[in-house]
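Read through the structure below, which is laid out as structure tokens, and then see the notes.
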Amino acid sequence: MTDQPSAGRFDGRDHLLPVRVYYEDTDFTGLVYHANYVRYFERGRSDFLRLAGVGHVDLLEQEEPLAFVVSDLAIKYLKPARIDDALVVRTRYEAIKGPRLIIRQTVERDGDVLCRADVVAVCIHLDGRPRRPTKRLIELVTPWLSGGNRIGSAITRLSAGRLMTPGATPARPAAMKPPRPPGAKGG
1 MTDQPSAGRF DGRDHLLPVR VYYEDTDFTG LVYHANYVRY FERGRSDFLR LAGVGHVDLL
61 EQEEPLAFVV SDLAIKYLKP ARIDDALVVR TRYEAIKGPR LIIRQTVERD GDVLCRADVV
121 AVCIHLDGRP RRPTKRLIEL VTPWLSGGNR IGSAITRLSA GRLMTPGATP ARPAAMKPPR
181 PPGAKGG
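Using the UniProt record's numbering, read the sequence shown as starting at 1 and increasing by one per residue.
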């Protein structure tokens, strides 16, 4: 048992993050306030990256710091969640296209989809200009992309032949080692 908050887990290429609905998440009707789904989705994306070996603080502390901003967010609300519900945020990174990360997310209760989102996150310089992700970021995220190594052609040219499998990731403490995506070879 650890006192550290859960960062969820991977199920195949999907990241699953358990979330409990608290009183603070609801509106006066007792249903989850619509804007709080955006917060749940953000947690899912951040913890996906954390488990894949990409820390937001590390991105800021590297030689050429970078960050992510959401440029597009399309949400479809299907069914309400209520106080005390045990939810799961499912996050799937679909593709890297230039500076953009294409992400699909759902909030589920007992396997039933309550809300879904299509997200485009853009990799930026700290002054706000778009930039391509670093090779290291590409190496860490690409094995988890839906349908395998689907990446934009510019990224393919940038890193062709140098993509690492999760098993080839540089050694780090066991607690921080990202899990191996399905179909990865080696050990």
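The beta carbon of each residue, even a glycine, is placed where N, CA and C say it ideally should be.
Source: prediction; values computed, not measured.
Contacting residues, own chain, Cβ-Cβ under 7 Å from residue i (five flanking each side not counted)
i, result
"ARG157", "Reliability of the predicted coordinates at ARG157 is poor, the pLDDT of 30 falling under 50, and the value obtained from them is presented with this limitation in mind. Within the same chain, ARG157 has no close Cβ partners at all."
"ALA52", "LEU140, VAL141, TRP144, PRO178"
"HIS34", "TYR77"
"ASP127", "none"
"VAL21", "VAL32, ALA81, ARG82, ILE83, ASP84, ASP85, LEU87"
Whether residue i touches residue j by CB criterion (8 Å)
i, j, result
"PRO99", "PRO80", "no"
"ARG45", "THR91", "yes"
"ILE83", "THR26", "yes"
"VAL122", "ILE102", "no"
"ALA95", "ASP47", "no"
"SER146", "ARG39", "no"
Whole-Å CB distance - residue i paired with residue j, under 8 Å assumed
i, j, result
"VAL88", "PHE41", "At roughly 12 Å, the Cβ-Cβ gap does not stay under 8 Å, so VAL88 and PHE41 are not in contact."
"LEU31", "HIS125", "With a Cβ gap of about 40 Å, LEU31 and HIS125 do not count as contacting."
"ASP72", "ARG109", "With 8 Å as the limit, ASP72 and ARG109 do not qualify as a contact, their Cβ atoms being about 26 Å apart."
"residue 197", "LEU17", "Any property of residue 197 remains undetermined from this structure, which presents the chain solely from 1 to 187."
Minimum Cβ-Cβ distance from residue i to chain C less than 8 Å
i, result
"LEU87", "Any reference to chain C falls outside this structure, which holds one protein chain only."
Sequence-distant residues of its chain with Cβ nearer than 6 Å to residue i (five each side left out)
i, result
"GLY106", "The sequence as given places Thr at residue 106; Gly does not occur at that position. Counting only Cβ-Cβ distances below 6 Å, and skipping sequence neighbours, we find ARG90, VAL113, ARG116."
"LEU59", "LEU66"
"ASN36", "ASP25"
"ILE69", "Sequence check: residue 69 is Val here, not Ile. Taken in chain order, the residues that qualify are VAL122, ILE124."
Proximal residues to residue i (C-beta, below 8 Å), its chain only, five neighbours per side dropped
i, result
"VAL54", "LEU137, LEU140, VAL141"
"TYR23", "ILE83"
"PRO170", "With a pLDDT of 33 at PRO170, under the threshold of 50, the predicted position of this residue should be treated as unreliable, though the coordinate-derived value follows. Here the set comprises nothing."
"THR134", "GLN62, GLU64, LEU66"
Open item on the list: Measuring CB atoms only, is the stretch 111 to 131 touching the stretch 71 to 87, in the sense that at least three cross pairs come out at less than 8 Å?
Closed with: yes
- [ ] Ignoring anything shorter than 3 residues or poking outside the stretch 69 to 130, list the beta strand (DSSP E) runs there in chain order.
- [x] 86 to 97, 100 to 109, 112 to 124
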